[in-house]
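Enquirer:
2 protein chains.
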Amino acid sequence: MNEADLRKTLLSYFETCFDRYESLFGCLRSDAAYFQKSISLRHPLIFYFGHTATFFVNKLLLAKLIPERINPRFEALFAVGVDEMSWDDLDEANYDWPTVAEVKAYRQQVRSAVTRVITEAAWCGPMSWDNPWWAILMGIEHELIHLETSSVLIRQHRLDFVQPQSSWLPVNAKPVDCGAVPKNALVNVPAGAVTIGKGDPHADACASAGEARRYGWDNEYGVHYAEVPKFSASRMLVSNAEFLAFVDAGGYAKDRFWNEEGLGWRRFAKAMHPTFWVKQPDGWALRLMCEEVPMPWDWPVEVNCHEAAAFCVWKAEVTGMSVRLPTEDEWYRLYDLSGITPETPAQRRLSGGCSAVPVNQYAQGDFYDVVGNVWQWTCTPIYPLAGFEAHPIYDDFSIPTFDTRHNLIKGGSWISCGNEALRASRYAFRRHFFQHAGFRYVVGEAPLVAQVSHYEDDALLAQYAEFHFGQSYFDVPNFPRAVAEISLKAMQGKPMRRALDIGCAVGRTSFELAKGLPGALGFESVIGVDFSARFINLADELVRDGIVRYALTDEGSLQSFREITLAKLGFTDCSAKVAFLQGDACNLKENHREYDLVVAANLIDRLYDPAKFLDEISQRIVPGGVLVLTSPYTWLEEHTPKAQWLGGFRRDGERYTTLDALHAHLSRDFEPIGAPQDVPFVIRETARKFQHSVAQLTCWQRRA
Amino acid sequence: MNEADLRKTLLSYFETCFDRYESLFGCLRSDAAYFQKSISLRHPLIFYFGHTATFFVNKLLLAKLIPERINPRFEALFAVGVDEMSWDDLDEANYDWPTVAEVKAYRQQVRSAVTRVITEAAWCGPMSWDNPWWAILMGIEHELIHLETSSVLIRQHRLDFVQPQSSWLPVNAKPVDCGAVPKNALVNVPAGAVTIGKGDPHADACASAGEARRYGWDNEYGVHYAEVPKFSASRMLVSNAEFLAFVDAGGYAKDRFWNEEGLGWRRFAKAMHPTFWVKQPDGWALRLMCEEVPMPWDWPVEVNCHEAAAFCVWKAEVTGMSVRLPTEDEWYRLYDLSGITPETPAQRRLSGGCSAVPVNQYAQGDFYDVVGNVWQWTCTPIYPLAGFEAHPIYDDFSIPTFDTRHNLIKGGSWISCGNEALRASRYAFRRHFFQHAGFRYVVGEAPLVAQVSHYEDDALLAQYAEFHFGQSYFDVPNFPRAVAEISLKAMQGKPMRRALDIGCAVGRTSFELAKGLPGALGFESVIGVDFSARFINLADELVRDGIVRYALTDEGSLQSFREITLAKLGFTDCSAKVAFLQGDACNLKENHREYDLVVAANLIDRLYDPAKFLDEISQRIVPGGVLVLTSPYTWLEEHTPKAQWLGGFRRDGERYTTLDALHAHLSRDFEPIGAPQDVPFVIRETARKFQHSVAQLTCWQRRA
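Respectively, the protein sequence lines represent chains A and B. Sequential numbering from 205 applies to the first sequence in my numbering. Sequential numbering from 205 applies to the second sequence in my numbering.
1. Of all Cβ atoms in chain B, is any one closer than 8 Å to the Cβ of A:G152?
2. Counting only beta-carbon separations shorter than 8 Å, does A:E896 have a partner in chain B?
3. Could you tell me which chain A residues have their CB closer than 8 Å to the CB of B:F678, listed as they occur along the chain?
4. If I'm right that A:L811 touches A:T844 with Cβ under 8 Å, what's the distance once you round it to whole angstroms?
5. Residues in the same chain with beta-carbon distance under 7 Å from A:Y238, minus the five sequence neighbours each way, listed in chain order, please.
6. Output, in sequence order along the chain, the residues in the region 801–823 of chain A whose CB is closer than 8 Å to any CB in chain B.
7. Quick one: Cα of A:F633 to Cα of A:I613, how far?
8. Assuming B:R748 is part of the alpha helix (DSSP H), what are its boundary residues?
9. On a CA-only basis, which of A:E306, A:S602, A:K772 and A:D533 is nearest A:E424? Give me that one, please.
10. Reducing DSSP to helix, strand and coil, say where A:D287 ends up.
11. Are there 16 or more other CB atoms within 10 angstroms of the CB of B:V318, so buried, or fewer, so exposed?
12. With distance defined between alpha-carbon atoms, name the residue in A:H610, A:I731, A:S354 and A:L746 nearest to A:F673.
13. Helix, strand or coil: which one does DSSP assign to B:Y677?
14. For the alpha helix (DSSP H) containing A:G576, list its first residue and its last residue.
15. What residue range does the alpha helix (DSSP H) around A:S691 cover?
16. At the level of alpha carbons, what is the spacing between A:H510 and A:G466?
17. Taking the alpha carbon of B:Y536 as the point to measure from, which residue in B:A397, B:C494 and B:V522 has its own alpha carbon closest?
18. Could you tell me whether the Cβ atoms of B:D422 and B:H255 are closer together than 8 Å?
19. When we look at the beta-carbon of A:P919 and count the other beta-carbons within 10 Å, is it buried (16 or more) or exposed?
20. Going along chain A, which residues have a C-beta under 8 Å from B:S559?
21. Quick one: Cα of A:P433 to Cα of A:P394, how far?
22. Between B:S897, B:A879, B:C382 and B:A449, which lies nearest to A:F678 when the distance is taken from Cα to Cα?
23. Quick check: the Cα distance between B:R418 and B:Y598, rounded to an integer number of angstroms?
24. According to the Cβ coordinates, are B:N577 and B:W501 closer than 8 Å?
25. Any contact of the region 330–344 of chain B with the region 212–221 of chain B, i.e. 3+ C-beta pairs under 8 Å?
26. According to the Cβ coordinates, are B:V375 and B:S559 closer than 8 Å?
27. Determine the burial state of B:N206: buried for a count of at least 16 other Cβ atoms within 10 Å of its Cβ, exposed for fewer.
28. Taking 8 Å as the cut-off, does the region 787–797 of chain A touch the region 891–906 of chain B (at least 3 CB pairs, one atom from each stretch)?
29. Quick check on DSSP: helix, strand or coil for A:D705?
30. DSSP three-state call for A:D600: helix, strand or coil?
31. DSSP has A:W953 in a bridge; who is on the other side?
32. Roughly how many angstroms separate the alpha carbons of B:R859 and A:F606, rounded to a whole number?
33. Please decide whether A:P836 counts as near chain B, where near means a Cβ-Cβ distance under 8 Å.
34. Roughly how many whole angstroms lie between the Cα atoms of B:R211 and B:R224?
35. How many whole angstroms separate the CB atoms of A:A783 and A:I731, which I take to be in contact at a CB cut-off of 8 Å?
36. Strictly by DSSP, which residues pair up with B:G831?
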């Protein structure tokens, strides 16, 4: 596409989205409707009205496409949504909202500014994640998300606050008796592989094909591959009729169908039926966006994840089958098997009216509504794909959702446009939230354990992950690797069967000992032991998942995010030879014997009884074996009672150093190998503050 | 002297001293006398019997002249004396002392070992502080000190525990009536200069002349020069007769003659007369080392410093003159005026009997007993001379005495041998202690304020002294100087009248701003302000005394000592332009106005209200003036409430950095000069642990 076409197409896309968003707000009957909250968990709609415009300003500023703010006061007011983290949020903030007219005027100013950028700003292709113009696409897609979520807020608003609009009319529901609704059925899905992810976000989007060329949120990049076992899935989304059986069976009252979190929500909300169902004297109605209609029994039920999961538990009980929600991977199996393309007919992109449609309207392969109609809940908490990077100008879009509390919803709904309607897209919501979302169920094995997706933001743990596996600072080489190298060199000519890395922290030295020096073999078996279960867990995670993510403090509470993989570190092969255990260096279990090498790096000045450790360690090492100790000798009473310090005090009138003490404790069973050497190390605390220390390394050979 | 002569002379000297020490202990009547303490403040004599031998072993080990210990158990037991820091020490430690015979045998083993070293160890001249053989001289001189102090313990022992020996007989006192003792008189001493100190300890001792060639304790090295005003001094030491007038006048009962410390001691000890005076029915006797004799009224009285000072206060009252103890410098004036040489006849070096002699026996110039007879108390607490360094193998000989609580005693006594009898020597005792010591008095102006001599061992203060004035680490240039250089460069072409260094800590930047860039002028006036009075005091001390000493942590509680001088730093001239004040950056006094430059280095992330500081600082700076800020932005709630952090958090959905905040606060009144730059700094915590940070420096010009 040439530049002129790009500008033209983009402008048209922008205007369409921007104007359509305002059009949606025409469903608010009065100005008052903007200021009254529809639900307590969210701002009133006036916020969302201004928010998407403010978002354009913020991102275009960061991308340096505009030189200054348009309305600093509005851009403060409309910047941040309410934290939807809790259902017991009683936010009563007294916001000083501007008038609707003022916000409309503001939106026009923003529209003009964005138009000016698209029309006049310097363009340098290709379009990509790294191109400043990505911010324009981001603004548009962000507004499309809010188009959908605002439509839900409108749907949740009191009826007298909303008004139907001709451009926003629902589909006319043909009345169907509850009993006449087509029965659902299970369809077998064979085992197969799925690949998710758009790969490297910095690759040239225009050079890619298909969806890779389109805008993507950061959570879509990277890669995930899974071999999905066979399962069966409900042919259709669960309809209101199918769900009624659960309601009538007392599903909302029977605690056994609800897990702990779901039960907590259900009791708090006093939920007794799906939120958009309206109890009537003679049955049920359904609240659509701007009106109530007699219950369309053949339309998909709309519930939160807790309700969907409870239905599955009930269904499992009544059928005796392992009924549950699908995983994200299983949904992709349906997608891939159903031959869906952007042209596949579906109830989406506002192409067929502003509501759901019957669950048996849009066939896609052997299923209905694999995409479109309403979103479908999965049981998979969203996690970052391998290679995930946060986009620098919106780094808190995805990362806060990687907290195991946001479940993926797939497929899109009737109002999902743009990115939302793509295979690659990955949206997630808190399990207690409502959207235009329902579910299908599957019968299959219990899904694999959810990917551990959190960013370790235990500050100390993150510091150590960076220290062991991250970058170097001040040209100081990686310390745990340096210690391993020195140790491996000391082992030349000796048998290398078993090594113990005591005080291993997050395990770098253990991995290096198993890997060995370049061109040489490593140890046959390495045990890493640390007193801290947290440290051991991270090392285990790296082996088990092949990936660890952590958040480093940059400045104050601002963080940046890192990802380390076993593969990039070159430890994939050797990790099978390494085991990590929690343990106490001053009280090692009996089975720690017969080591050819024991490494205790930066350990002794952190023990509560270092003398005991030194006096007993020889029993763990074979004759001729090696002990490597490193320490900066930073004795601190918070770790070691002063009476237990090995050295660093005057004894009998003379300076008695820790090195003196090492000789005193070890010389009976060990002879020193070589002279003590200095090994520096740097631990990053913030982007500007580091601990820079110099450990002394001593090497000892176990006497025969 | 050739090598053979050296070995022979040294061996002879060693044997003489070593055997004489044992001979002294022959004054103990029984083995029991070794184990019973003579005074509560000291070990029993068995300790001192073994201690001097153990000292040889310890120092020869450190000097690597012997390869191993002779008796590790004894060397632990005999290593450290009781801390004589308090008169209320009720040490009841239950030591498992060896027998006298065992210690005698041990001493013989040590004698043989030292003999072997002197005879056979490799010799590489010249003899000097840095030569390992210095340890041999040190052992000998150490034993000579204990010869004297043990003789005092013997003198303090119960009479039935001691026995006179023919080789240790006192001088026969000719009986003199109290009234017949020659009256003391004041002798005028003109104003004059004194120079003390043996200079650089690493200079070649053999190349020097006179005393400089001899062994010296570390406190003798360095240099001190003083211009001493005229005064008059008592011709003779105060005799027992002269002191009796004080006793009879009720001097011990009248509190007004005693300062607070002296009064505390006097009450605790219930002292009513000098400690060696023995009350008899018909008068007084005097306890000598091993016997009591009728009071020799014409011998010098022996008292502690408190008693001597109280006498002076009484004497001042009765005479109306400013009577006081001499200063060390005043004693040196007497010494230099009296033409004393090593050959001058005096009651010292055991040359004239094992006791004092009459105060009118040894004339030296216009005085008697400038040297010899008994030590004479001064009112000067011992302090390190400029250029002082602790000797690495005995670094706690002098330094613990630099605590303002150890007063110098000069001149030596009848038993003072070796180093003790030299002009250069500087011995000091706690003011409540007894030795063979008395005093003369002077009449003169109040002495100059005692030299501040302590080692700042407030760890943070010492860290900052090193950070500002000490050595560089990891090749990172001195930070406060780098900040001053950048600031001075920003001032080029601008008037440089007044500068404010706010958050100056210990003042390096202030000094550099006053000094200016090489070849250029500095500021006419620099004010350094810090919230911490401790930091300001150290900067003041450096200006006032020209010297600051501090103790750095090496490892655990082991320290090493540093000294910084204004002269070596090159700040002598510019310091007159600098003033240091305690103050609060968030609440500066009104008079802080009209600055051409304000530097706030590593300040803002340590303020409780940094925004206030930034918003008001422009009022302090002239139009066109410069503001320089540096910070690593390490926001911590312990310094700054989170609500007051300038940046380092998300604001309105976006990352908001401290740099963003600086622009927001300053842009109204300042324009940025240049781009932000990174300036690294390193703060040493121990010999192996450092904080290594990178501050961001921004430069701002006050708008006109």
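All C-beta atoms, glycine included, are put in the ideal place defined by N, C-alpha and C. On a predicted model such as this, the values are computed, not experimentally measured, just so you know.
Expert: Quick look at the numbers:
1. Nothing about residue 152 of chain A can be read from this structure; chain A reaches only from 205 to 908.
2. It should be noted that the sequence gives His, not Glu, for residue 896 of chain A. Answer yes: the Cβ-Cβ gap between A:H896 and chain B drops below 8 Å somewhere.
3. Going along chain A in sequence order, the residues near B:F678 (Cβ under 8 Å) are F678 and H896.
4. Rounded to whole angstroms, the Cβ separation of A:L811 and A:T844 is 6 Å, and the two are in contact under 8 Å.
5. Only L232, P248, L249, I250, F253 and V304 meet the Cβ criterion.
6. Of all residues in the region 801–823 of chain A, none has a Cβ within less than 8 Å of some Cβ in chain B.
7. Each residue's alpha carbon lies about 7 Å from the other.
8. Per DSSP, B:R748 belongs to the alpha helix (DSSP H) from A737 to D749.
9. The closest CA to that of A:E424, considering only A:E306, A:S602, A:K772 and A:D533, is found on A:S602.
10. Unreliable positioning characterises A:D287 in this predicted model, as indicated by a pLDDT of 49, which lies under 50. The coordinate reading is nonetheless provided below. Per DSSP, reduced to three states, the secondary structure at A:D287 is coil, with no helix or strand assignment.
11. Label assigned to B:V318: buried.
12. Looking at A:H610, A:I731, A:S354 and A:L746, the one whose alpha-carbon comes closest to that of A:F673 is A:L746.
13. Three-state DSSP puts B:Y677 in coil, outside helix and strand.
14. No alpha helix (DSSP H) contains A:G576, which DSSP labels as neither H nor E.
15. First-last of the alpha helix (DSSP H) with A:S691: F683 to A694.
16. Rounded to the nearest angstrom, the two C-alpha atoms are 5 Å apart.
17. The residue with the shortest Cα to Cα distance from B:Y536 is B:A397.
18. Remark: C-beta atoms of B:D422 and B:H255 do not approach each other more closely than 8 Å.
19. Nothing can be reported for residue 919 of chain A, as the shown portion of chain A is limited to 205 through 908.
20. Chain A residues near B:S559: none, gap ~32 Å exceeds 8 Å.
21. If I take the Cα positions, the gap works out to 7 Å.
22. Measuring C-alpha to C-alpha distances from A:F678 to each of B:S897, B:A879, B:C382 and B:A449 identifies B:S897 as the nearest.
23. Approximately 18 Å between the Cα atoms of the pair.
24. Cβ distance not < 8 Å, so B:N577 and B:W501 don't count as in contact.
25. Yes, the region 330–344 of chain B touches the region 212–221 of chain B.
26. Against a cut-off of 8 Å, the Cβ pair of B:S559 and B:V375 comes out as a contact.
27. Exposed is the call here.
28. Contact fails: fewer than three Cβ-Cβ distances are below 8 Å.
29. DSSP places A:D705 in strand when its eight states are reduced to three.
30. Here A:D600 sits in coil by DSSP.
31. In the structure as shown, chain A starts at 205 and stops at 908, and residue 953 of chain A therefore has no counterpart that could be examined.
32. Approximately 19 Å between the Cα atoms of the pair.
33. At least one beta carbon of chain B lies nearer than 8 Å to the beta carbon of A:P836.
34. Rounded to whole angstroms, B:R211 to B:R224 spans 20 Å at the Cα level.
35. Indeed they touch by this definition, with Cβ atoms about 6 Å apart.
36. In the sequence on display, residue 831 of chain B carries Leu and not Gly. B:L831 pairs with B:V802 and B:W904.
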